[in-house]
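Protein chains: 2
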Amino acid sequence: MQPSLVNGDSTPRARVQDEIRRDIIFGTLPAGTRITEASLAAKYGISRVPVREALRALEVEGFVESKPFAGSTVSEIPVDDADDLFAVREALEAATARRAARRAAAHFSSGGPDSHWWETRRELAAILDEGDEAVGSGQVELLPELNIRFHLGIAELSRSSSLTALLRQIAGKIEWLYAADVGSRGIRSWAEHRGIMAAIDAGNAQAAEQEMGAHVHGSRLGYLSRFTEKDG
Amino acid sequence: MQPSLVNGDSTPRARVQDEIRRDIIFGTLPAGTRITEASLAAKYGISRVPVREALRALEVEGFVESKPFAGSTVSEIPVDDADDLFAVREALEAATARRAARRAAAHFSSGGPDSHWWETRRELAAILDEGDEAVGSGQVELLPELNIRFHLGIAELSRSSSLTALLRQIAGKIEWLYAADVGSRGIRSWAEHRGIMAAIDAGNAQAAEQEMGAHVHGSRLGYLSRFTEKDG
DNA sequence: CATTGTGAGATTGAATACAATCGCCTTATG
DNA sequence: CATAAGGCGATTGTATTCAATCTCACAATG
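Right, dumping it as structure tokens:
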């Protein structure tokens with residue numbers, strides 16, 4: 066299995082892992098909550114073994130902290146790290162966009178896209194359409210999930226499992242921040258996705274990198290302004 | 066337990082996790098090797114349960130890939146991602162250095178350093194001394210481990226568990242690359258650590274960020290030059 | 001009064017046992 | 001001969017059981 070933000074629900078362990086992560090991100094399990102394996106096992110109707118495995122994974126993902134024989138607690142929401150996480154995300158997603166565009170450019174000269182590219186690209190098209198429809202019908206609450214799927218899709222196009230894994234980790238934290246502090250993202254941000262996608266399709270690595278960087282930078286500024294506005 | 070590059074060996078699970086990671090990084094378990102839980106359990110004299118937990122964690126760390134009911138294999142060494150990983154690391158470590166310096170500056174105005182800062186700072190001093198001694202006596206083979214500990218120590222000073230966790234993940238990959246391709250790092254690189262430490266101690270956030278960025282950038286160029294030289 | 005030791009209860013860590021699934025090889029069939 | 005169906009061995013996923021450790025309350029002691 067890939068370390069994923071949303072697993073395929075193929076095993077109880079994966080389901081529980083997704084469910085716990087979700088409960089943490091959306092506040093059902095607040096920061097600092099003590100988590101006992103037995104209670105989770107009872108809640109999901111399974112034994113402690115898959116629960117333990119899920120907790121070990123969530124620990125590496127940064128959502129849970131554990132000490133031997135002392136149990137697990139929900140991590141603190143990384144509000145103090147928000148700006149730095151966005152900064153890292155800028156570098157990270159600039160790289161994924163650049164790589165994706167390079168891969169597209171390579172397709173022009175050699176044969177054509179392979180099945181992996183084609184499949185991912187098709188899913189991205191669907192995501193973009195879904196997002197536009199959500200914007201059109203005013204269902205902005207669908208955007209956060211679609212937004213993550215778009216950015217992870219671009220990472221998938223980059224064909225770098227290292228970068229994709231890092232983005233998953235950062236995206237999880239940023240989703241956590243949004244869920245806790247500012248709610249859904251803006252509509253204007255969504256519209257920029259088409260431009261990024263076009264740059265990648267055109268094989269223009271420089272434009273893809275630049276547009277993705279600006280896009281993430283805009284999100285960063287938007288997040289910070291809302292957050293400080295909320296504070297002041 | 067913290068998701069760590071080197072756990073405290075407090076439980077068999079943590080020991081096995083460190084051991085497997087080490088075997089992967091240093092090539093004892095080559096990329097693509099199929100890993101069966103029973104063989105690992107036999108090798109380390111424990112049952113499959115802690116082995117499974119270690120594998121779930123290593124999966125999120127990116128060293129192992131698994132599919133349900135199909136088993137685990139050692140991931141590919143991320144050679145293609147090297148330059149992008151360094152780019153992300155630049156942004157990441159610039160942030161940790163900046164935060165560490167800010168925290169030091171805060172100590173000047175308010176009372177003094179807390180125990181966490183003091184403890185970490187003391188360990189960093191020891192690491193710097195050890196590294197200098199290793200350089201002096203020509204034992205450059207000790208530098209990679211000390212190098213990781215230095216950079217993780219700076220991250221610890223930043224007091225951001227998110228950034229520290231991300232650096233652990235990236236550091237693991239970069240260590241993997243070095244072990245596989247170019248051997249130990251240069252001596253000149255080590256000497257730059259003192260300057261970074263001094264900038265942090267002085268509370269100069271701008272200088273700390275700038276020096277750390279240049280330091281990582283130098284590592285990046287050094288890695289790439291050796292690698293391409295080896296290729297051509 | 002603060003501190004240290006101790007014991008019970010709760011909780012985690014690991015071992016064993018069993019069920020579910022996959023991969024491959026055999027075999028029947030057009 | 002190519003190919004699809006089915007069964008068997010190997011391996012993973014989960015449940016159950018027991019051992020090891022921690023937490024916390026409470027008492028003994030300086």
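Read top to bottom, the protein sequences are chains A and B. Residue numbering for the first sequence follows this note's numbering, starting at 66 and increasing by one per position. Residue numbering for the second sequence follows this note's numbering, starting at 66 and increasing by one per position. Idealized CB from N, CA, C, for every residue including glycine.
- According to the DSSP assignment, G248/A belongs to no alpha helix (DSSP H), since it is labelled neither H nor E.
- DSSP places T229/A in the helix class (H, G or I) of the three-state scheme.
- By the CB criterion at 8 Å, H258/B and E155/B fall outside the cutoff.
- Scanning the segment 160-240 of chain B for uninterrupted beta strand (DSSP E) segments of 3 residues or longer gives nothing; none is fully contained.
- When D146/A, F215/A, S254/A and L123/A are compared, the shortest CA-CA separation from T161/A is found for F215/A.
- Residues of the segment 218-232 of chain B whose Cβ lies closer than 9 Å to any Cβ of chain A, in chain order: S223, R224, S225, S226, S227, L228, A230 and L231.
- Close to R167/B, with beta-carbon spacing below 8 Å, lies no residue of chain A; the smallest spacing is near 11 Å.
- The alpha-carbon separation between S104/A and E130/B amounts to approximately 29 Å.
- Contact check for L222/B and W255/B: beta-carbon distance about 19 Å, past the 8 Å limit, so the pair fails to qualify.
- Contact of E84/B with chain A is not assigned, every C-beta pair being separated by 8 Å or more.
- In the DSSP assignment, V144/A falls outside any alpha helix (DSSP H) and carries neither an H nor an E.
- For S104/B, the uninterrupted alpha helix (DSSP H) run begins and ends at E102 to Y109, by DSSP.
- For I90/A, the closest alpha carbon among the candidates V153/A, V114/A and Q234/A is that of Q234/A.
- Interface criterion not met: the Cβ of P77/B is under 8 Å from no Cβ in chain A.
- Exclusion of the five residues before and after A170/B leaves G268 as the residues of its chain whose Cβ lies within less than 6 Å of its Cβ.
- For K238/A, the chain B residues whose Cβ falls inside 8 Å of its Cβ are S227, in order along the chain.
- Our two residues, F151/A and G287/B, have alpha carbons roughly 27 Å apart in a direct line.
- Judged by DSSP in its simplified three-state form, G136/B adopts strand.
- Contact between R164/A and D149/B holds, with the beta-carbon distance rounding to 7 Å and staying under 8 Å.
- In the three-state DSSP reduction, S75/B falls in the coil class, being neither helix nor strand.
- Residue nearest to I265/B within the set L208/B, E198/B, E158/B and R285/B is E158/B (criterion: CA-CA distance).
- For P95/A, no chain B residue has a Cβ inside 9 Å of its Cβ, as the nearest lies near 17 Å away.
- By the criterion of a C-beta distance shorter than 6 Å, G260/A is surrounded in its chain by E276, once the five residues flanking it on both sides are discounted.
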